[in-house]
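>
2 protein chains.
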Amino acid sequence: MDARGAASLLFLREEEIRLGMELLFFGYRDFTAGPDAILAELDMGRAHHRVLHFVGRHPGITVSELLAILRITKQSLGRVLKPLVEGGYVVHAPGRNDRRQRLLTLTQKGQALERRLFERQRDTISRAYRESGAQAVEGFRRVMLGMMGADARARIEAGQAKDRESGKVA
Amino acid sequence: MDARGAASLLFLREEEIRLGMELLFFGYRDFTAGPDAILAELDMGRAHHRVLHFVGRHPGITVSELLAILRITKQSLGRVLKPLVEGGYVVHAPGRNDRRQRLLTLTQKGQALERRLFERQRDTISRAYRESGAQAVEGFRRVMLGMMGADARARIEAGQAKDRESGKVA
DNA sequence: GTCGTTACGTCAGCAACGTTGACATATTAA
DNA sequence: TTAATATGTCAACGTTGCTGACGTAACGAC
Chain A
2 MDARGAASLL FLREEEIRLG MELLFFGYRD FTAGPDAILA ELDMGRAHHR
52 VLHFVGRHPG ITVSELLAIL RITKQSLGRV LKPLVEGGYV VHAPGRNDRR
102 QRLLTLTQKG QALERRLFER QRDTISRAYR ESGAQAVEGF RRVMLGMMGA
152 DARARIEAGQ AKDRESGKVA
Chain B
2 MDARGAASLL FLREEEIRLG MELLFFGYRD FTAGPDAILA ELDMGRAHHR
52 VLHFVGRHPG ITVSELLAIL RITKQSLGRV LKPLVEGGYV VHAPGRNDRR
102 QRLLTLTQKG QALERRLFER QRDTISRAYR ESGAQAVEGF RRVMLGMMGA
152 DARARIEAGQ AKDRESGKVA
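Line order of the protein sequences matches chains A and B.
Residue numbers for the first sequence follow this note's numbering, so the first one is 2 and each next one is one higher.
Residue numbers for the second sequence follow this note's numbering, so the first one is 2 and each next one is one higher.
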């Protein structure tokens, strides 16, 4: 290949990457728009949704584990967790083995809100999946996983393995 | 299919969606982590990066157009645009036809910073693309596009059409 | 049983980035 | 001349991150 050809390939590649950047920006923004609207009415934000999501998915999770997943400080978590507890969305119980721990669980009210938020987002994702086809969805998963650092990737893969064990996912 | 089968399918589907939610959350977070670190050293944030990106990609863009793309208020834009202009990253010139407009362009300094940020993010995306393969990348694009509202989708598709015209993309 | 470490909470202050509302200026267009 | 448009700016506020510091309760080792 001559120099012009190589430069042209590089250019193609750059356009490809910039397209990816914009897909992520616009896609993520619209993906979060639905829940954001519901949360705003309850004087909550995206951070509350994250807590509801991860507590819902990991009932009995400790504060430390939640901090590790979210990668925020305990002060930041405190600010969203406190209203969630006071509002009756989340409860905490002392750990059986280690009573310093606060095991977090969603109340019925918390589950109901989480579900409402989930369903809004499900509509967005379902549409995208349906329009794209199963093969595209598999590609989407691979690319998003590749975008992650080792940390998050391991967490996702661990979750997938657990799902397979329990027969949730083929 | 019996009722149990249908419920199981629904459950599968829910796990699928929740996986998608987490892929987006973790993926987007790690996708933005690189530039964020560079920007922090310059006392800038993600919002500055967005301006640099879109001004770089659309030289001579007006303030209104930029506001429409970012979907933020002019006050919010002002807060990041002003330091960028004062720092010599962006210049504005009055529009030829309409002198009320401020046509925004990156300076050399702005281009250099934008490129530095781009390259960091390119590494992340390149790795994800390389690990996943061309077919997966195509799937990723379709799904992300499907996630967007009509607005953003039209914008992306218009950009793609323009690239094809100018021979940038096959 | 004392003592260091760990798990968690909280107070104070700060920064980035989004919002609304109001008002000012320059320019265009009717 | 006048109304509308493009842009800028002041003020005040909310969400969600951050650092630093301090306090309490419980675990674990000696």
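Glycine residues also receive a C-beta, built at the ideal position from the N, C-alpha and C atoms.
Can you say whether residue 23/A is buried or exposed, counting buried as having 16 or more other CB atoms within 10 angstroms of its CB?
buried
> Measure from the alpha carbon of residue 25/B to the alpha carbon of each residue in 20/A, 32/A and 120/A, then state which is nearest.
Among 20/A, 32/A and 120/A, the Cα nearest to that of residue 25/B is on 32/A.
> Does the CB of residue 144/B have a neighbour CB from chain A at under 8 angstroms?
yes
> DSSP three-state label for residue 95/B, please.
In the three-state reduction of the DSSP assignment, residue 95/B falls in the strand class, which pools E and B.
> Would you call residue 122/B buried or exposed, if buried means 16 or more other Cβ atoms sit within 10 Å of its Cβ?
buried
> With distances taken between CB atoms, is the gap from residue 59/B to residue 81/B smaller than 8 angstroms?
Contact: no.
> At which residues does the alpha helix (DSSP H) containing residue 74/B begin and terminate?
First-last for residue 74/B: undefined, no H or E at that position.
> Pick out whichever of 46/B, 141/B, 119/B and 85/B has its Cα sitting closest to the Cα of residue 105/B.
85/B
> Please report how far the alpha carbon of residue 38/B lies from the alpha carbon of residue 117/B, in whole angstroms.
12 angstroms
> Which of the residues in the region 89-115 of chain A, read from start to end, lie with their CB under 8 angstroms from any CB of chain B?
Those would be none; no residue qualifies.
> Is the region 130-147 of chain B close to the region 129-136 of chain A, with three or more CB pairs under 8 angstroms?
yes
> Kindly give me the distance between the Cβ atoms of residue 53/B and residue 107/B, rounded to whole angstroms, as I take these residues to be in contact under 8 angstroms.
7 angstroms
> With a Cβ-Cβ cutoff of 8 angstroms, do residue 103/A and residue 71/A count as a contact?
no
> By how many angstroms is the C-alpha of residue 44/A removed from the C-alpha of residue 96/B?
In this model, residue 96/B and residue 44/A are separated by some 42 angstroms (Cα to Cα).
> Any beta carbon of chain B sitting closer than 8 angstroms to that of residue 40/A?
no
> Can you tell which of 78/B, 114/B and 29/B has the C-alpha that lies nearest to the C-alpha of residue 89/B?
114/B
> When Cβ atoms are compared, which residues of the region 52-80 of chain B fall closer than 8 angstroms to chain A?
54, 58 and 72
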